[in-house]
Amino acid sequence: MDREPSNAVIAEALEELGNLYELDGAIVHRVLAYRKAARAVREAPVSVAALAREGRATEVPGIGKTLQEKILALAQTGTIPAAEKLRAKFPPTLIEVTRLPGLGPKRARLLYSELGIDSLQALREAALAQRLRTVHGFSEKFEQGVLAALQEGVGERPAPRLLLPRAIDIGQALIDGLRQQAGEHTRVELAGSARRMVDSVKDIDLVASGPNPLQISSSLTKLDLIESVSSVSATGARGRIHSGLPVDLRVATPEQFGNLLQHFTGSQAHNAALREAAVRRGLHVSEHGILDDATGTVQTCASEQQVYERLDLAYIPPELREDRGELQAAAADGKGLPTLICEGDIKGDLHCHTVASDGRNTIEEMALAARARGYEYLAITDHSASHGFGNHVSAATLREQIERVADVNERVEGIRLLAGSEVNILPDGTLDYDDELLAALDWVIASVHTAFSMSEQAMTARVIAAIEHPLVDAIGHPTGRLIERRAPYSLDLEAIFAAAARTQTMIEINANPDRRDLSDVHARSAVKAGARIVINSDAHRTETLGLMRWGVATARRAWLRAADVANTQPWERFAKLRKHYRG
DNA sequence: GCCGTTTTCGGCCCGACTGTTTTCAGTCG
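According to the numbering used here, the first sequence is numbered sequentially starting from 1.
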């Protein structure tokens with residue numbers, strides 16, 4: 001291979017190999033090992049292919065000698081021999097059959113060997129011909145379920161995922177509805193990945209307790225938001241809202257509420273690791289309580305704090321529960337756990353737009369809104385000369401804008417305005433204003449807005465050129481991703497972070513919930529590499545200054561403390577962190 | 001396939017739900 005396979009490519013290959021081994025009937029732990037390794041590779045901050053070439057891929061947790069060799073083969077030949085063999089055995093479309101509910105690898109393989117079903121199409125035909133029911137373990141009801149699922153398009157496309165803000169809104173509406181239906185003494189809380197503040201979710205998980213569990217569960221059926229409910233019992237209910245998004249409600253006694261909330265908040269990886277560590281100490285953790293082998297008694301916990309305390313762990317905030325080292329950090333008296341940044345730590349916003357480009361409000365309106373949020377400073381950063389879409393700001397206009405910002409800064413008390421710009425990084429790495437004009441600004445954030453499909457090498461050189469520019473204070477939305485819509489462009493982030501650390505250029509966490517760019521794992525790597533983070537709303541109107549919360553959520557998931565983020569500093573200190581600062 | 005307060009083999013989190021299951025395997029989260 002002339003080009004190193006990216007971590008994403010390696011992760012995909014391991015994922016596929018795990019799936020193939022699963023179809024082949026491998027023991028579940030081997031399959032899980034592949035999935036765990038795939039995740040570790042995907043999240044690794046360094047090139048795993050490069051590590052493998054040096055024989056060091058085993059440094060990645062979850063990768064041993066075997067996978068080191070397989071990754072090396074992938075890097076050197078572009079393929080893994082074991083995967084080639086298995087692909088010959090199982091048609092590539094067989095895996096899509098397992099995406100249907102109730103059809104896992106075992107049952108899919110059975111249908112393949114008995115009826116030759118090797119794709120969704122073949123499955124549909126067999127169901128229509130009523131041939132599925134001829135296989136032992138499959139019924140007429142199953143055939144109908146298959147046809148109904150196929151009718152809905154299940155399996156043809158990945159299940160839609162919802163961005164976090166919408167998920168939290170829906171979760172809150174469901175919580176309010178349940179409280180109203182089930183009565184005053186009902187406790188309902190958001191759990192699952194939304195509570196962990198992930199980028200996007202595939203369902204809404206809720207946890208409840210109260211005097212009458214069955215009544216709480218059946219309350220779900222009465223909510224306007226809910227389209228249908230498939231099962232109701234005293235332990236919970238499953239349903240979906242009108243858009244099809246699944247809702248999972250679990251109900252516990254108040255004494256077990258902490259156990260259930262901890263269990264249902266996940267992540268699965270966190271819980272598995274937590275439980276494995278507990279087992280080594282003779283404790284068995286589940287949503288019902290903690291069983292002590294020594295005494296044979298089960299301890300229930302009304303709060304999550306009690307769950308972690310019983311395991312001699314410091315309380316772990318939900319955002320950190322991803323099995324990314326939080327358990328080890330929580331074990332040593334919690335000394336390894338950071339005090340996470342909060343939204344209240346933010347002292348200013350360094351990226352917003354006004355009517356001068358594509359924003360909806362004036363400088364003054366943005367300033368007043370920022371002041372109302374309690375900020376000490378706000379940078380006005382409209383788009384630059386080559387932005388296009390009728391929203392570009394010419395050099396002459398920017399000079400006028402600088403005056404306008406100065407004028408509003410004079411008139412509006414209680415907040416400091418910075419005249420700035422979100423400057424385009426052109427494909428050759430140059431900026432679209434000249435240095436003289438840039439030097440007249442208080443703050444420059446440079447972003448890529450065009451020519452996304454460059455090679456990794458070219459894109460990296462392009463961004464590093466901007467980082468090395470003495471008048472660039474920060475890099476905006478560094479990877480260009482749009483969550484669930486657009487992949488990040490190819491970029492050697494290790495090199496980017498190293499350059500940022502070397503030049504004291506800040507790296508943005510863009511807080512727009514469509515972006516959250518840098519991502520949590522990347523932001524964590526950036527700080528580890530010595531780069532300084534700035535969290536910005538990228539607001540295009542006064543209301544969206546409030547998007548800051550999603551950027552802070554990403555920072556928390558990245559283990560960041562207030563000290564890691566430049567705009568938690570009061571103005572006097574922040575001012576000196578800018579490259580623009582001279583004396 | 002990984003990994004070590006069980007350390008180079010023998011384990012590997014835990015439970016709910018579903019179907020056709022009369023004792024459990026498969027699937028899911």
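Glycine included, every Cβ here is placed at the ideal spot set by N, Cα and C.
| query | result |
| --- | --- |
| Buried versus exposed call for Leu-128 [16 or more other C-beta atoms within 10 Å across all chains shown] | exposed |
| Per-residue burial, Pro-92 [other beta carbons within 10 Å of its own, 16 or more giving buried] | exposed |
| Ser-113 in three-state terms, based on DSSP | helix |
| The stretch 510 to 520 contacting the stretch 536 to 553, beta-carbon criterion three pairs below 8 Å | yes |
| Cutoff 7 Å; reference Glu-227; Cβ partners in own chain excluding five residues on either side | Arg-240, Ile-241 and His-242 |
| Rounded separation between Glu-16 and Ala-8 - CA only | 12 Å |
| Sequence ranges, beta strand (DSSP E) only - wholly within the stretch 130 to 201, length at least 3 | 187 to 190 |
| Span of the alpha helix (DSSP H), counted from its first residue to its last, around Asn-19 | 7 to 23 |
| Helix, strand or coil at Met-506 [DSSP, three-state] | strand |
| Residue range of the alpha helix (DSSP H) that includes Val-552 | 548 to 557 |
| Spatial distance of Thr-479 from Glu-508 (CA atoms) | 10 Å |
| Member of Tyr-489, Pro-213 and Ala-82 whose CA lies at the smallest distance from the CA of Ser-233 | Pro-213 |
| Beta strand (DSSP E) segment containing Ala-379, residue limits | 377 to 383 |
| Bridge partners - Cys-342, DSSP secondary structure assignment | Bridge partners of Cys-342: none, in fact. |
| Coil, strand or helix - Glu-227 by DSSP | strand |
| CB of Leu-100 within 8 Å of CB of Gly-25, strictly | no |
| Residue ranges of each alpha helix (DSSP H) within the stretch 367 to 444, 4 or longer | 395 to 411 and 435 to 439 |
| Anticipated Cβ contact below 8 Å, Val-412 with Glu-364, distance rounded | 6 Å |
| Reduced DSSP category for Ile-483 - H, G, I as helix; E, B as strand; rest coil | coil |
| Rounded C-alpha distance that separates Met-1 from Gln-76 | Residue confidence for Met-1 is low, a pLDDT of 45 falling below 50, so the modelled location carries little weight and cannot support an answer. |
| Beta-carbon proximity of Leu-350 to Ala-474, cut-off 8 Å | yes |
| Counted within 10 angstroms of its Cβ, other Cβ atoms place Ile-27 as buried (16 or more) or exposed | exposed |
| Rounded C-alpha distance that separates Ala-419 from Arg-166 | 33 Å |
| Reduced DSSP secondary structure (H/G/I, E/B, other) of Gly-583 | Low per-residue confidence applies at Gly-583: pLDDT is 42, beneath 50, and the placement is therefore not dependable enough to give any value. |
| Same chain, Cβ closer than 6 Å to Gly-583, five either side skipped, listed in chain order | Low local confidence applies: a pLDDT of 42 at Gly-583 is under 50, so the model's placement there is unreliable, with the coordinate-based value given in what follows. Here the set comprises nothing. |
| Own chain partners of Leu-361 with C-beta closer than 8 Å, once the 5 adjacent residues on each side are dropped | For clarity, residue 361 is Asn in the given sequence; the question names Leu instead. Excluding sequence neighbours, Asn-361 sits near Thr-354, Val-355, Ala-369, Arg-541 and Thr-542. |
| Sheet register partners of Gln-299 (DSSP bridge) | Ile-290 |
| Burial state of Thr-295, where buried means 16 or more other Cβ atoms lie within 10 Å | exposed |
| Asp-118 in three-state terms, based on DSSP | coil |
| Integer Cβ distance of Arg-20 from Arg-109, believed to fall under 8 Å | Contrary to the premise, residue 20 reads as Leu rather than Arg in this sequence. Going by Cβ atoms, the distance from Leu-20 to Arg-109 rounds to 11 Å, so no, they are not a contact pair. |
| Assigned secondary structure, Gly-78 (DSSP; H/G/I helix, E/B strand, else coil) | coil |
| Run of the alpha helix (DSSP H) containing Ala-50, from where it starts to where it stops | 48 to 53 |
| Arg-585 - containing alpha helix (DSSP H), residue span | Coverage of the chain is limited to positions 1 through 583, which leaves residue 585 absent and any answer about it impossible. |
| For Leu-283, three-class secondary structure by DSSP | strand |
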